[in-house]
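**Q** Quick one: structure below, then a few questions.
Protein chains: 2
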Amino acid sequence: MIGFSVQTELLLKQRQSLIQDRLRLSGRVLAIDLAQEFNVSEDTIRRDLRELAAAGLCERVYGGALPVSPGGTTLTQRVGLATERKAALAASAVGVIKSGMTVFFDASSTNLAIAQALPAGIELTAATNTPLIAAALMEKPGINIILIGGKIDRLVGAAIGAKAQRDVEALRPDLCILGACGVDINAGLTVFEYEDAEFKRLVARNSAAVLAAVTNDKLGTSAPHAVITTRECTTLIVEHDAPADTADIYSTAGVAVVHAGETRP
Amino acid sequence: MIGFSVQTELLLKQRQSLIQDRLRLSGRVLAIDLAQEFNVSEDTIRRDLRELAAAGLCERVYGGALPVSPGGTTLTQRVGLATERKAALAASAVGVIKSGMTVFFDASSTNLAIAQALPAGIELTAATNTPLIAAALMEKPGINIILIGGKIDRLVGAAIGAKAQRDVEALRPDLCILGACGVDINAGLTVFEYEDAEFKRLVARNSAAVLAAVTNDKLGTSAPHAVITTRECTTLIVEHDAPADTADIYSTAGVAVVHAGETRP
DNA sequence: TGCCTTTATGCACGTTTGTGCCGATTGATA
DNA sequence: TATCAATCGGCACAAACGTGCATAAAGGCA
C-alpha cells in the first residue's frame, strides 16, 4: 500500500502530507528514516518537521516528531498522560492479538494506545464503542471495523447506554480488551460509572477471553462499580516495575500476568 | 502512457480541462511536464494553474499543482486538504445551526470542519455516523452526541451499511448536513459510493432541512450515485469566489445559496 | 476594408523558494 | 563530566516563479 520502492520525486507539499500520514499511522516519525524514504537530506526533513510543528500539525521532538493530540475532553485529556508507560503496555498487548481474531476495544486511553500500536499488516475484525479508537483503527488498512453506536457518555468518551448494550449483545469476540479504573484481587475490575460497568460486563461475558492492561497506579485500588471478578480476567498486562508480588497474587487466581517491557522507545 | 504523439493545438479551455483530468488521475501535475505535453511554454502552464487555483479547482504548489479534493482517498487523507477554504465554508455553516436543534453530521471532511467550528457555548443534539466527527464533537461541552453504529466503510470513513441505515431511520433531525462529491443543478447531489448514497438519502428524507457546503471544484460536477435532487436541498453554502451564475441557477430551483466569506482569517 | 481592442502566448528580467552543505550549538546518554 | 548525534543558522546554487513587455491572432465596429 505505502510501498515506495520506486521513488518518484515528490513535491514539498506532498512530502509533508505523507509525513503527516506516517505520523498518524505509527505515532511517531524519525528524521533519519524519512530522509532515506523520500530520498532527501535530513536537513530538508527537519525543515519540514519544523514547518509542520509551526503550523501546529505535529510536535517536534529530538530525533523526529510526534502527532499532536487534539486535547480537550476527558478521554482526550487522559490520552496525553503517561504516554510512554501506556505505549509499553500497548506493545505487550498487541502480542496477544493475532490475525483473524475478532477483538472488542473498550473505551480507555490505554486501549487507544493499543489500537495505535497494532502492526501494519494485521488483519482482524475490531469492534468498539469509542469514536477515538475507531478513528485510530481506520489508519490500519487490514482491519474490519464495527462501530457500536448509541448515546455518547462524554466522561467515558464512548457509547455505553441501552442502545449500545443491545447492539453489543450480538457480538461474540475472541478477545475483549477492557479498560479499568481500578484492579484489585478481591474487588476485581472496577470503574467509576454505573452504566459503564454494565456495558463492560456484558461484553466481557460474551467474550472468549478478556484482557486488561493497567498502569501501576490502578493496581490494588478499586472504584465504586464492579465489572468482573479477578478470575474472569484471562490476561492482565502490568508494567515492568509493578509491585513484585503482583504476578503471584493474580496467577494464583488463574490470571495470566504479563509484564510489559521497559519504557525504552 | 497518455501518449500525445500527434500534437493538435489546443484551446485554452481545453488545455485547462485536461490539466484537471491529469490532476484527478495522478494526484499531482508538474508544470514542466504539462508544458512539454501540450507543447506550450511553462509560463503558459503556470498561468493556467494560477487561474485554476484562483477558481478553487486546484492547489498551487511550487513545481506544479495538487488536486483540491482527490476522489478515491480516505476521509483522513482529505482532512488536510484546502483547509482554509473548508474553514471559511464552516464558518458560514455554523451560522445556520442554532441552539436547541437536532443536527445530523454526515461523513465529509468539510463537515468535520463545521463540527470543529461550532461555537463553545452552543447546546444541541448532534448525531453522526463518523467517528472522526464524533471525536471532534466531544470537544464541545454542550453537545449531546448520538453515534450511529455499524460496519465502517473505510473509504467513506463512517458507518453506512444496513445496520446504520436501520438505526438512523429513527432519527428526525431538524437539520442534516450532507457531504457531497459532486453538486450539479441537473444531477443533484452525488457521491462515489452506492451505499453511501443510500444512507445519505435516508437521512436527508427524514430531515426538516438539508444543508450542503461545497468547495468550488465540486460545483457543476457529478459522481456516479445520486443522493437527492437539487430542489431537495434547502441550503447550499458555496465559496465567495464560486462561479458568478451559481446563486442564480440554484436559487431558481428553490435552494437558498449562501456565499462564504473571504478566506482571510 | 481598415482600425482598434481584446486575448493568448512567449521572452527577458529580477525575485523567491527549495535544497544541500558547513560550522557552531544544543541535547541526550553514559 | 565527556562524547556523539541531532539541531539550528547561514550560505550558495539552481530551479521555479511573477511581472512587464512584445507579438500575433481573433473579434468588434465604423
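Residue numbers (the working numbering), protein chains in the order written: chain L, 2 to 266; chain A, 2 to 266. Ideal placement from N, C-alpha and C gives every residue a C-beta, glycine not left out.
For residue 152 of chain L, decide whether its Cβ has a neighbour in chain A, counting only Cβ atoms nearer than 7 Å.
**A** Taking the first residue of the first sequence as position 1, residue 152 of chain L is located at position 151. Answer yes: the Cβ-Cβ gap between residue 152 of chain L and chain A drops below 7 Å somewhere.
**Q** Taking residue 38 of chain L as the query, report the chain A residues whose CB atoms sit under 9 Å from its CB, ordered along the chain.
**A** The sequence position of residue 38 of chain L within the first sequence is 37, counting from 1. The premise fails here: residue 38 of chain L is roughly 18 Å from chain A at the closest Cβ pair, so nothing lies under 9 Å.
**Q** Where do the N-terminal and C-terminal ends of the alpha helix (DSSP H) with residue 53 of chain A fall, by residue?
**A** Numbered from 1 along the second sequence, position 52 holds the residue referred to as residue 53 of chain A. From DSSP, the alpha helix (DSSP H) with residue 53 of chain A extends over 43-55.
**Q** With a cut-off of 7 Å, does the C-beta of residue 68 of chain A fall near any C-beta of chain L?
**A** On the second sequence, position 67 is the one that residue 68 of chain A refers to. Answer no: the Cβ-Cβ gap between residue 68 of chain A and chain L never drops below 7 Å.
**Q** Consult DSSP for residue 159 of chain A and reduce its assignment to one of helix, strand or coil.
**A** Here residue 159 of chain A refers to the residue found at position 158 when the second sequence is read from its first residue. If DSSP states are grouped into helix, strand and coil, residue 159 of chain A belongs with the strands.
**Q** Rounded to whole angstroms, what's the CA-CA distance from residue 39 of chain A to residue 68 of chain A? Just pull it up for me.
**A** For this step, residue 39 of chain A is matched to residue 38 along the second sequence. For this step, residue 68 of chain A is matched to residue 67 along the second sequence. Roughly 19 Å separates the two Cα atoms.
**Q** What residues match up with residue 61 of chain A in a beta bridge as DSSP calls it?
**A** Taking the second sequence and counting its residues from 1, one reaches residue 61 of chain A at position 60. Residue 61 of chain A is bridged to A:66.
**Q** What does the Cβ neighbour count give for residue 154 of chain A, buried or exposed, with the cut at 16 atoms within 10 Å?
**A** For the purposes of this step, residue 154 of chain A is taken as the residue at position 153 of the second sequence. Counting Cβ neighbours within 10 Å, residue 154 of chain A comes out buried, since at least 16 surround it.
**Q** Determine the DSSP secondary structure at residue 217 of chain A, reduced to helix, strand or coil.
**A** As a working note, residue 217 of chain A is residue 216 in the second sequence. Residue 217 of chain A: helix per DSSP, three-state reduction.
**Q** If you check the beta carbons only, do residue 115 of chain L and residue 143 of chain L fall under 7 Å apart?
**A** Counting from 1 along the first sequence, the entry for residue 115 of chain L is found at position 114. Counting from 1 along the first sequence, the entry for residue 143 of chain L is found at position 142. No. Outside cutoff.
**Q** Find the residues of chain A that neighbour residue 122 of chain L, judging by a C-beta separation of less than 7 Å, and give them in chain order.
**A** In the first sequence, the residue the question calls residue 122 of chain L occupies position 121. For residue 122 of chain L, there are no neighbours in chain A by C-beta distance under 7 Å, as the nearest C-beta there is about 16 Å away.
**Q** Among L:57, L:102, L:198, which has the Cα closest to the Cα of residue 176 of chain L?
**A** In the first sequence, counting from the first residue as 1, residue 176 of chain L sits at position 175. Ranking the options by Cα distance to residue 176 of chain L, first place goes to L:102.
**Q** Within 7 Å (strictly less), CB to CB, does residue 147 of chain A reach chain L?
**A** Within the second sequence, the letter at position 146 stands for residue 147 of chain A. Chain L, which has a Cβ nearer than 7 Å to the Cβ of residue 147 of chain A, makes this yes.
**Q** Taking all protein chains shown into account, decide if residue 20 of chain L is buried (16 or more other Cβ within 10 angstroms of its Cβ) or exposed.
**A** The residue labelled residue 20 of chain L in the question sits at position 19 within the first sequence. Under this definition residue 20 of chain L is a buried residue.
**Q** Verify the CB distance criterion: does residue 139 of chain L have a CB-CB separation below 7 Å to chain A?
**A** As a position in the first sequence, residue 139 of chain L is number 138, starting the count at 1. Chain A places a beta carbon closer than 7 Å to that of residue 139 of chain L, counting this residue as a contact.
**Q** Buried or exposed for residue 132 of chain A, going by 16 or more other Cβ atoms inside 10 Å?
**A** Position 131 of the second sequence, counting from 1, holds the residue named residue 132 of chain A. Classification for residue 132 of chain A: buried.
**Q** Identify, in the order they occur along the chain, each residue of the same chain with its Cβ nearer than 7 Å to the Cβ of residue 31 of chain L, setting aside the five sequence neighbours on each side.
**A** Taking the first sequence and counting its residues from 1, one reaches residue 31 of chain L at position 30. Excluding residues within five positions, the ones whose Cβ falls inside 7 Å are 64, 65.
**Q** Please classify residue 224 of chain L: does DSSP put it in a helix, a strand, or coil?
**A** Locating residue 224 of chain L in the first sequence gives position 223, where the first residue counts as 1. Here residue 224 of chain L sits in coil by DSSP.
**Q** Between residue 255 of chain A and residue 237 of chain A, what straight-line distance do the alpha-carbon atoms span, to the nearest angstrom?
**A** Residue mapping note: residue 255 of chain A aligns to position 254 of the second sequence, counting from 1. Residue mapping note: residue 237 of chain A aligns to position 236 of the second sequence, counting from 1. So the two alpha carbons sit approximately 10 Å from each other.
**Q** Just how far apart, CA to CA, sit residue 90 of chain A and residue 227 of chain L?
**A** Within the second sequence, the letter at position 89 stands for residue 90 of chain A. Within the first sequence, the letter at position 226 stands for residue 227 of chain L. Whole-angstrom Cα-Cα distance: 47 Å.
**Q** Does the Cβ of residue 251 of chain L have 16 or more other Cβ atoms within 10 Å, making it buried, or fewer, making it exposed?
**A** Locating residue 251 of chain L in the first sequence gives position 250, where the first residue counts as 1. Residue 251 of chain L comes out buried.
**Q** Would you identify the three-state DSSP class for residue 112 of chain L, choosing helix, strand or coil?
**A** Numbered from 1 along the first sequence, position 111 holds the residue referred to as residue 112 of chain L. Residue state, collapsed to three classes: helix.
**Q** Determine the DSSP secondary structure at residue 257 of chain A, reduced to helix, strand or coil.
**A** As a position in the second sequence, residue 257 of chain A is number 256, starting the count at 1. Annotated three-state conformation of residue 257 of chain A is strand, per DSSP.
**Q** Run down chain L in chain order and give the residues with a C-beta less than 9 Å from the C-beta of residue 158 of chain A.
**A** Here the question's residue 158 of chain A lines up with position 157 in the second sequence. 136, 139, listed in chain order.
**Q** Report the three-state DSSP secondary structure of residue 141 of chain A (helix, strand or coil).
**A** Translated into the one-based positions of the second sequence, residue 141 of chain A becomes position 140. The answer is coil: DSSP assigns residue 141 of chain A none of H, G, I, E or B.
**Q** From this set, A:98, A:258, A:104, which residue's C-alpha is nearest residue 244 of chain A's C-alpha?
**A** Here residue 244 of chain A refers to the residue found at position 243 of the second sequence. It is A:258.
**Q** Classify residue 72 of chain L as buried or exposed, calling it buried when 16 or more other Cβ atoms lie within 10 Å of its own Cβ.
**A** Taking the first residue of the first sequence as 1, we reach residue 72 of chain L at position 71. In this prediction, residue 72 of chain L has a pLDDT of 34, which is less than 50 and means its spatial position is unreliable; nothing more can be read from the coordinates.
**Q** Pick out whichever of L:247, L:220, L:232, L:213 has its Cα sitting closest to the Cα of residue 111 of chain L.
**A** As a first step, residue 111 of chain L is located in the first sequence; it is residue number 110 there, counting from the start. Of the candidates L:247, L:220, L:232, L:213, the one whose C-alpha sits nearest the C-alpha of residue 111 of chain L is L:213.
**Q** If you measure from the beta carbon of residue 12 of chain L to each beta carbon in chain A, is any gap under 7 Å?
**A** On the first sequence, position 11 is the one that residue 12 of chain L refers to. True, the Cβ-Cβ gap to chain A drops below 7 Å.
**Q** Leaving aside the five residues before and after residue 126 of chain A along the sequence, list all residues of the same chain whose C-beta is less than 6 Å from its C-beta, in chain order.
**A** One-based indexing of the second sequence puts residue 126 of chain A at position 125. Cβ neighbours of residue 126 of chain A beyond the five flanking positions: 103, 145.
**Q** Quick one: grab the DSSP three-state call for residue 277 of chain A.
**A** Residue 277 of chain A lies beyond the residue range present for chain A, which begins at 2 and ends at 266; the question has no answer from this structure.
**Q** For residue 171 of chain A, name the three-state secondary structure that DSSP assigns.
**A** Residue numbering aside, residue 171 of chain A sits at position 170 when the second sequence is read from its first letter. DSSP places residue 171 of chain A in coil when its eight states are reduced to three.
**Q** DSSP state of residue 193 of chain A, grouped into three classes?
**A** The residue you call residue 193 of chain A lines up with position 192 of the second sequence. In the structure shown, residue 193 of chain A sits in coil (DSSP, three-state: anything other than H, G, I, E or B).
**Q** If you check the beta carbons only, do residue 94 of chain L and residue 130 of chain L fall under 7 Å apart?
**A** The residue you call residue 94 of chain L lines up with position 93 of the first sequence. The residue you call residue 130 of chain L lines up with position 129 of the first sequence. No, the pair does not count as a contact, with Cβ atoms beyond the cut-off.
**Q** Figure out for me which residue from L:189, L:194, L:147, L:59 has the closest Cα to the Cα of residue 235 of chain L.
**A** Taking the first sequence and counting its residues from 1, one reaches residue 235 of chain L at position 234. The option with the nearest alpha carbon to residue 235 of chain L is L:189.
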